[in-house]
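Numbering (the working numbering), first residue to last: 2 to 371.
We treat Cβ as the ideally placed atom computed from N, Cα and C, and that holds for glycine.
Quick notes on the structure that follows.
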């Protein structure tokens with residue numbers, strides 16, 4: 002069951018921009034203030050490295066997903082070790098996504114609703130979708146991302162009159178080392194997890210010759226959306242108000258006025274963040290379940306349900322409050338996610354060695370034939 006390159010791009014874009022709500026701007030505004038947009042640009046320039054590595058890995062044995070590639074490269078024992086390490090990191094990313102978005106929902110919409118209620122509803126939807134084939138997930142993803150992009154364009158166009166370029170000054174007030182360090186953090190959180198897209202084998206893409214081009218264009222689009230979100234928030238609120246609000250990206254939406262008379266639509270616009278988190282959770286649950294041996298299709302369903310239950314319980318008992326969550330993101334989460342780069346390097350080195358070995362065998366065979 003194949004998917005189009007546009008559907009692949011929609012999933013890829015979701016992975017890139019999900020943390021725009023809450024996490025990205027929280028790190029940037031506290032680390033570099035008005036220079037957040039500079040850090041963001043540098044982050045996506047740095048992120049070209051893992052992107053190119055992803056494209057290289059995808060071209061190796063394109064009929065296999067990332068879990069199967071690892072077993073093919075390293076054998077069952079080492080391959081499973083790498084796969085389970087990858088699964089643990091993805092599970093932690095899923096917990097972070099879940100608490101980030103239910104924390105937003107609880108503080109902004111459902112003040113007296115326990116977090117476990119919101120997380121259960123979101124995870125149930127993600128589990129149900131993850132039980133389906135990847136083409137079903139991709140269909141849902143492209144519909145939601147299309148709607149989100151429309152809302153993004155409309156909301157930012159309506160904010161133009163509220164933006165003040167003076168709020169982005171002074172430039173380079175913060176030291177260059179702080180800007181670069183903040184860029185590294187954003188690259189680790191947003192870009193390293195794009196390895197998740199490799200759960201979809203390249204051969205499953207219709208018009209797979211557009212695979213590289215579509216991911217590169219989507220990457221640029223994701224960088225643009227993140228940059229506009231950050232610039233729009235700081236230039237509208239100013240850096241001091243931006244720092245004052247926990248979800249300043251949401252507060253700036255209160256200034257939206259569509260067509261001159263439609264007001265208070267921030268709740269509708271912010272739904273895009275919830276749908277992005279939902280798709281990201283779905284693809285992670287789908288990836289985790291693929292790494293667990295199953296006897297039949299029914300077992301696959303039960304595995305997904307168990308993963309969902311673990312996500313809900315972990316979210317409830319690991320994080321005490323938003324402050325503890327923010328400290329976790331800035332310290333522990335960044336360190337855990339950075340391990341993904343080591344996985345990238347190990348896979349790339351092994352593929353390179355395998356390619357050299359195969360090439361030498363072909364050359365020797367040609368010599369013998371001559």
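Discussion item. According to DSSP, simplified to helix, strand and coil, what is residue 266?
Written reply: coil
Practice prompt. Use the C-beta contact count for residue 76: other C-beta atoms within 10 angstroms, 16 or more gives buried, fewer gives exposed.
Written response: exposed
Discussion item. Give the list of continuous alpha helix (DSSP H) stretches no shorter than 4 residues that lie fully inside the region 241-327.
Written reply: 249-254, 267-270, 272-291 and 298-319
Worksheet item: How long is the line joining the alpha carbons of residue 300 and residue 339, rounded to whole angstroms?
Response: 32 Å
Worksheet item: Among residues of its own chain, excluding the 5 on either side of residue 205, which ones have a beta-carbon nearer than 8 Å to its beta-carbon?
Response: 2, 3, 4 and 135
Practice prompt. Output the distance between the C-alpha atoms of residue 291 and residue 279, rounded to the nearest integer angstrom.
Written response: 18 Å
Worksheet entry | residue 45 versus residue 335: straight-line alpha-carbon distance, rounded | 16 Å
Worksheet entry | Short Cβ contact (8 Å threshold) for residue 55 with residue 199 | yes
Worksheet item: Assuming residue 194 contacts residue 94 under a Cβ cut-off of 8 Å, what Cβ separation, rounded to an integer in Å, is found between them?
Response: 6 Å
Practice prompt. Using beta-carbon positions only, say whether residue 147 and residue 226 come within less than 8 Å of one another.
Written response: no
Worksheet item: Are residue 344 and residue 96 touching if we call contact CB-CB under 8 Å?
Response: no
Worksheet item: DSSP beta-bridge partners for residue 206?
Response: 4
Discussion item. For a quick check, are the C-beta atoms of residue 138 and residue 284 less than 8 Å apart?
Written reply: yes
Worksheet entry | Beta-carbon proximity of residue 282 to residue 99, cut-off 8 Å | yes
Practice prompt. Inspect the beta-carbon positions of residue 244 and residue 31 and report whether they are closer than 8 Å.
Written response: yes
Worksheet entry | Distance CB(residue 184)-CB(residue 43) smaller than 8 Å | yes
Practice prompt. Quick one: measure Cβ to Cβ for residue 373 and residue 355, integer angstroms, because I've assumed they're closer than 8 Å.
Written response: Past the edges of the chain, shown from 2 to 371, lies residue 373, and the structure says nothing about it.
Worksheet item: Relative to the alpha-carbon of residue 123, which residue among 57, 9, 309 and 326 has its alpha-carbon at the smallest distance?
Response: 309
Practice prompt. Could you give the DSSP three-state label for residue 152: helix, strand or coil?
Written response: helix
Worksheet item: By how many angstroms is the C-alpha of residue 48 removed from the C-alpha of residue 29?
Response: 16 Å
Worksheet item: Near residue 256, which residues of its chain fall below 6 Å by C-beta distance, leaving aside the five closest residues on each side in sequence?
Response: 163
Worksheet item: Relative to the C-alpha of residue 231, which residue among 15, 179 and 36 is closest?
Response: 36
Worksheet item: In angstroms, rounded to a whole number, what distance separates the CA positions of residue 452 and residue 276?
Response: Residue 452 is absent from the model: the chain starts at 2 and stops at 371.
Practice prompt. Enumerate, from N- to C-terminal direction, the unbroken alpha helix (DSSP H) stretches of 4 or more residues contained entirely within the region 116-179.
Written response: 116-132 and 135-160
Discussion item. Check this for me: beta carbons of residue 61 and residue 352, under 8 Å apart or not?
Written reply: yes
Worksheet item: Any idea what DSSP makes of residue 112, helix, strand or coil?
Response: coil
Worksheet entry | 8 Å contact criterion, which residue 58 and residue 348 should meet: CB distance rounded | 6 Å
Worksheet item: Under the rule that 16 or more other beta-carbon atoms within 10 Å means buried, what is residue 253, buried or exposed?
Response: buried
Worksheet item: For the alpha helix (DSSP H) that residue 53 lies in, which residues bound it at each end?
Response: 49-60
Worksheet item: Short check: CB of residue 105 to CB of residue 248, under 8 Å?
Response: yes
Worksheet item: Are residue 341 and residue 190 closer than 8 Å when you measure CB to CB?
Response: no
Worksheet item: How long is the line joining the alpha carbons of residue 38 and residue 272, rounded to whole angstroms?
Response: 24 Å
Item to complete: Return the residue from the list 103, 319 and 140 that minimises the CA-CA distance to residue 121.
Response: 103
Worksheet item: What are the uninterrupted segments assigned as alpha helix (DSSP H) that are 4 or more residues long and contained completely in the region 15-54, given in chain order?
Response: 24-32 and 37-47
Fill in: Member of 107, 187 and 258 whose CA lies at the smallest distance from the CA of residue 228
187
Worksheet item: In this structure, does DSSP put residue 354 in helix, strand or coil?
Response: helix
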